Amino acid sequence: MRRVSHSIASPKTSIVGPSLRASFARQFLVGTCVGGVLPASLDASERGLLRHHFNVLTPENCMKPGPIHPAPERFDFTASDALVSFAAEHEMPVVGHCLCWHQQSPDWMFEAGIGRQAALSQLRQHIHAVAGRYRGRILGWDVVNEAIADAGDALRDTPAAREIGPDFIERAFELAREADPNAELYYNDYNIERPAKRERTLSLLRRLLASGVRVDGVGIQGHWQLGEIPFDDIRAAIEAFAALGLKVMITELDLDVVERPDCSADISVQRAYAPAEDVYRDGLPAPIASQQAAAYARLFQLFGERPGAVSRVSFWGLHDGRSWLNTWPGKRTNHPLLFDRGCRPKAAFEAVLGVAGGAA
Ligand code: G3I
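Counting with this note's numbering, you get residues 657 to 1016 for the letters of the sequence shown.
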């Protein structure tokens, strides 16, 4: 049986004091996503922050189909190999993200008209090559990402769904299990805490489980807007997904402090911001920082309410300067995470520690 260490590596960092990973060690893993080619893509402060506070890593982009498999017979494992090696060196499990997604996927993989068999063959080659390469070294895979439409009853209209059919999801999970039998297998999506999309997700998961497909967990991404966090929906979603016997994970947590068109996380939504709309370019005002701190504290209390239900909480970014929300849905200065651009703890960090009693 593969050994995935959850042990806490002794941090070789100058950072001292209670850590997120130690404070919540009895409840869930605390992770973050990282980009670039580790360790060079992070400076010394960032590496210290990463090792001190987090105990599970998700690649922000390098394991997505496009970056890792740009052409039918060409792979680029440079960044993904570096991340897996860095994680192993620091005894941090890795979540593979993601094997099948309609974004950052190469056009050739499910090119219009290639038909079901060719599309399945290419999906098989992709998943066996990528998940097979890291067999035994990945805690779990986001096998399928964002397959459910934001509205209506159908799946999202994607190239994989069009060329393979709606069962592309089952096939992807089967292929992932073939490639790495010991990796946990997850479905990952945004807004699936909200009632309508939650019900459609529950239906999908019940269909997968009833058809014998192995699904181990569901990822609620958690790209929430400060002031509009659906706390009650989140609680209901954790309960409902846990009731299926699945691990529930918060996989991409951030609290956006700048208004945005709607509460999705659909990367295809774009919006230009005038300079005057870059309202927090000089920093986050104290009242907003306090509001964000209270919201994060309330979320972490909620994540721990049902013991054992939530197995992991991963932030989507190491600190404010690394957040995708500085460029989506348009370029403006954002402050969505627990640490500022100088890797310094914000009020939100202190508030989250307070939830765990602040004990290391
Ligand atoms: O690497 C290329 C670079 O070579 C090129 O010069 C540059 C200019 O176009 O683009 C670079 O790729 C960008 C990549 O991030 C790496 O920086 C892509 O354009 C850009 O679209 C991509 O954005 C990522 C986005 O997913 C789309 O894949 C964000 O960093 C990432 O935070 C975001 O994360 C997603 C999750 O994977 C799934 N859930 C939603 C979440 C937010 O959209």
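Note that beta-carbon positions come from the ideal geometry of N, C-alpha and C, so glycine has one too. Here the structure is a predicted model, which is why all the values come from computation and not from measurement.
The beta strand (DSSP E) runs of length 3 or more contained entirely in the stretch 871 to 951 are, from start to end of the chain, 873 to 876, 879 to 881, 903 to 912. In the DSSP assignment, Val751 falls within the beta strand (DSSP E) that extends over 751 to 756. The residue from Arg682, Ser675, Gly673, Arg677 with its alpha-carbon nearest to that of Gly960 is Arg682.
Sequence-distant partners of Ala1004 (beyond 5 residues in either direction) whose C-beta falls short of 6 Å from its own C-beta, in its chain, are Gln948, Ala949, Tyr952, Leu994. In the DSSP secondary-structure assignment, Leu676 is not bridged to any residue.
Looking at Arg870, Asp910, Arg818, the one whose alpha-carbon comes closest to that of Glu884 is Asp910.
Thr989 counts as buried, since at least 16 other C-beta atoms from the protein chains shown sit within 10 angstroms of its C-beta.
Between the beta-carbon of Gln926 and that of Thr907 there is about 23 Å, and that puts the pair past the 8 Å contact cut.
Under the 10 Å beta carbon count, Ser741 is surrounded by fewer than 16 other beta carbons and is classified as exposed. The C-alpha of Ala928 is placed about 10 Å away from the C-alpha of Arg916. For Arg968, the enclosing beta strand (DSSP E) starts and ends at 966 to 971. When only Cα atoms are considered, Cys718 and Ala738 end up about 10 Å apart. In this structure, DSSP gives Asp813 a state outside helix and strand, which the three-state scheme calls coil. Under the 10 Å beta carbon count, Glu834 is surrounded by fewer than 16 other beta carbons and is classified as exposed. Remark: the C-beta of Ala696 is outside contact range of the ligand G3I, defined as less than 8 Å to any heavy atom. A direct Cα-to-Cα measurement between Ile944 and Arg863 gives close to 42 Å.
Annotation: Val712 is outside any alpha helix (DSSP H); the continuous beta strand (DSSP E) that includes it extends over 712 to 715. The Cβ-Cβ distance between Met905 and Tyr842 falls below 9 Å. With a beta-carbon spacing of about 18 Å, Asp732 and Ile794 fall beyond the 8 Å limit used to define contacts. Straight-line spacing of the CA atoms in Ser777 and Glu716 works out to 26 Å.
In this model, Val693 and Asp699 are separated by some 12 Å (Cα to Cα). Cβ-Cβ separation between Leu779 and Leu811: approximately 15 Å, too far for a contact (criterion under 8 Å). Distances from the CB of Tyr846 to the heavy atoms of the ligand G3I include at least one below 8 Å.
Exclusion of the five residues before and after Asp889 leaves Glu849, Arg850 as the residues of its chain whose Cβ lies within less than 6 Å of its Cβ. By the neighbour-count criterion, in which 16 or more other beta carbons inside 10 Å mark a residue as buried, Val686 falls on the buried side. For Trp880, the Cβ stays outside the 8 Å cut-off from all heavy atoms of the ligand G3I.
The residues Cys999, in chain order, have a CB closer than 6 Å to that of Ser701 in the same chain once the five nearest residues on each side in sequence are set aside. Annotation for His782 indicates a beta carbon at 8 Å or more from all heavy atoms of the ligand G3I.
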